[in-house]
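Chemist: Heads up: the protein sequence lines correspond to chains A and B, in order. Heads up, the first sequence is in my numbering, so the first residue is 393 and it goes up one at a time. Heads up, the second sequence is in my numbering, so the first residue is 123 and it goes up one at a time. Even for Gly, the Cβ is constructed at its ideal location relative to N, Cα and C.
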Amino acid sequence: MASMHSSPDPIHAQAHAEAPAAAIALRGSALARFRRGVGLGFPIFLGYMPVGMAFGILARGLGFTVFEACVCSATALAGAGQFIALSFLAAGAGATGVLIATTVVNLRYVLFASTLSTYVRDASTPVHAALAFSLTDETFAINVADHRQGLATPASMAGVGGVAWVGWVLGTLIGAVGAGWIGDPSRFGVGFAMPAMFTALFLALAEDWRHVVIGAVSGAILLALPLLGAVGVRLESSWYLVIASMAAATVGAVVWRED
Amino acid sequence: MRTEIAHSTIWIVILGMALLNYAVRFPPLAIVSRIDLPKPIARWLSFVPIAVMGALVASEVLRPGGSWGNPLTGPSLYAAIVTALVFRYTKSFLGATVAGMASFVVLQHALPLVVR
Chain A
393 MASMHSSPDP IHAQAHAEAP AAAIALRGSA LARFRRGVGL GFPIFLGYMP VGMAFGILAR
453 GLGFTVFEAC VCSATALAGA GQFIALSFLA AGAGATGVLI ATTVVNLRYV LFASTLSTYV
513 RDASTPVHAA LAFSLTDETF AINVADHRQG LATPASMAGV GGVAWVGWVL GTLIGAVGAG
573 WIGDPSRFGV GFAMPAMFTA LFLALAEDWR HVVIGAVSGA ILLALPLLGA VGVRLESSWY
633 LVIASMAAAT VGAVVWRED
Chain B
123 MRTEIAHSTI WIVILGMALL NYAVRFPPLA IVSRIDLPKP IARWLSFVPI AVMGALVASE
183 VLRPGGSWGN PLTGPSLYAA IVTALVFRYT KSFLGATVAG MASFVVLQHA LPLVVR
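1) What residues in the stretch 477-502 of chain A have a beta carbon less than 8 Å from any beta carbon of chain B?
2) Starting from the Cα of A:Leu565, find the closest Cα among A:Gly611, A:Gly583 and A:Ser465 and give me that residue.
3) Just the Cα atoms here: how many angstroms apart are B:Gln230 and A:Ser526?
4) Within 10 angstroms of the Cβ of B:Pro234, are there 16 or more other Cβ atoms? Answer buried if so, exposed if not.
5) So which residues on chain B does A:Gly462 lean against when the C-beta distance must stay under 9 Å?
6) Check B:Lys161 in the structure and name its three-state DSSP category.
7) Taking the alpha helix (DSSP H) that A:Thr507 belongs to, which residues open and close that run?
8) Where does B:Ile127 sit, in a helix, a strand or coil, going by DSSP?
9) Under 7 Å, CB to CB, which of the residues in the stretch 198-228 of chain B have a partner in chain A?
10) Which same chain residues end up closer than 7 Å to A:Trp631 when comparing Cβ atoms and leaving out the 5 residues on each side of it in sequence?
11) Quick one: is A:Ala641 near chain B, going by C-beta distance under 7 Å?
12) Are any of the Cβ atoms in chain A nearer than 7 Å to that of B:Met123?
13) How is the alpha helix (DSSP H) around A:Gly581 delimited, first residue to last?
14) Where A:Gly448 and A:Gly621 are concerned, what is the direct C-alpha to C-alpha distance, given to the nearest angstrom?
15) Find the nearest neighbour of A:Val463 within the set A:Ala568, A:Arg626, A:Leu633 and A:Ala639, judged by alpha-carbon distance.
16) Among B:Leu199, B:Lys213 and B:Ser168, which one has its Cα closest to the Cα of A:Ala641?
17) Measuring straight from C-alpha to C-alpha, what distance separates A:Leu508 and A:Glu530?
Okay, structure coming up:
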């Protein structure tokens, strides 16, 4: 498997490459690098399990079979998108409405995939295909943080994505099978699993104060967008995330033209 | 009493989501990796991850469930602060996530006793 370190990204390559963990990351076999990725992704596994369970329970409540719930998680691997699909279905929306809403929410992955692609230039199309499949907010953030240390490789990213996928599907299976006796998943704090992950990932991604400012601007724009309703601009809430992120990144790119 | 959805609808949603999700992830990865991005666009892309996380944290922590409320009376903001502190000092995603969930559960029960 091609190592991306033959052409380090000049913007992000850092001098951490001598750190002890770097030995496996840079010189280990593909399997060793994959296993390192599995270790990196393990917190995602533990975070996805309870949220996947919640999805399984809710899906069963709406009439999904265990098989349908698991196929949905295994093929879509879209946390927020899947919950939005359930809430739209529960509200009586048709398939078209559900698909439009989930796709809009998932538009941010166009940006994520474009960013990720700059890390894996040398990789083959099958590797791109696998990385695209396992691309989520959490795997993306872990891989970006790892890349900034100069350690991420396609094999390690596959490990991160693989263990995340297993956690999501296994959680869905357990939730769907045990829907009857697990009961309300919220009493285990499941509702805060994703917010907690996002909070930690935000800190992991914040390299310097510019990043903190851009993140804060993005959050402020997102919270302000519903106010447009007061001046007659009606916007579906599923667009908020995409608009806020693109606007804040633009502010950053305009303010900090030079490195 | 609960709404049962037709299995034909469920399968259209499952297949459609699988296809559309892949359609927003794969083409950019495969295509953008083959071209040299102009520097301003590359820099813009480098700011996207932190911007998305900022927006996600803001919506999940300050507007949980998509509805406005006083963030000082709900558990989310305090649990996020616990999460951030644990991550700041341990650098552990796992520890921070578990600490966040645990403090969320505790606060869910304790806050109503304190804040009215």
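Modeler: In short:
1) When C-beta distances to chain B are compared with 8 Å, the residues of the stretch 477-502 of chain A below that value are Ala477, Leu481, Ala482, Gly484, Gly486, Ala487, Val490, Leu491, Thr494, Thr495, Asn498, Leu499, Arg500, Tyr501 and Val502, in chain order.
2) A:Ser465
3) 33 Å
4) exposed
5) The amino acid occupying residue 462 of chain A in the given sequence is Cys; Gly does not appear at that position. Per Cβ cutoff of 9 Å: no residues; A:Cys462 is ~10 Å from chain B at best.
6) The three-state reading of DSSP puts B:Lys161 in helix, counting H, G and I together.
7) Arg500 to Ser509
8) It is coil, neither helix nor strand.
9) Ser198, Ala201, Ala202, Thr205, Ala206, Phe209, Arg210, Phe215, Leu216, Ala218, Thr219, Gly222, Met223, Ala224, Phe226 and Val227
10) Val496
11) yes
12) The predicted model places B:Met123 with a pLDDT of 39, which falls under 50 and marks its position as unreliable; any figure quoted below should be read in that light. B:Met123 does not count as touching chain A.
13) From DSSP, A:Gly581 is part of no alpha helix (DSSP H); its letter is neither H nor E.
14) 35 Å
15) A:Ala568
16) Measuring from the Cα of A:Ala641, the nearest candidate turns out to be B:Ser168.
17) 13 Å
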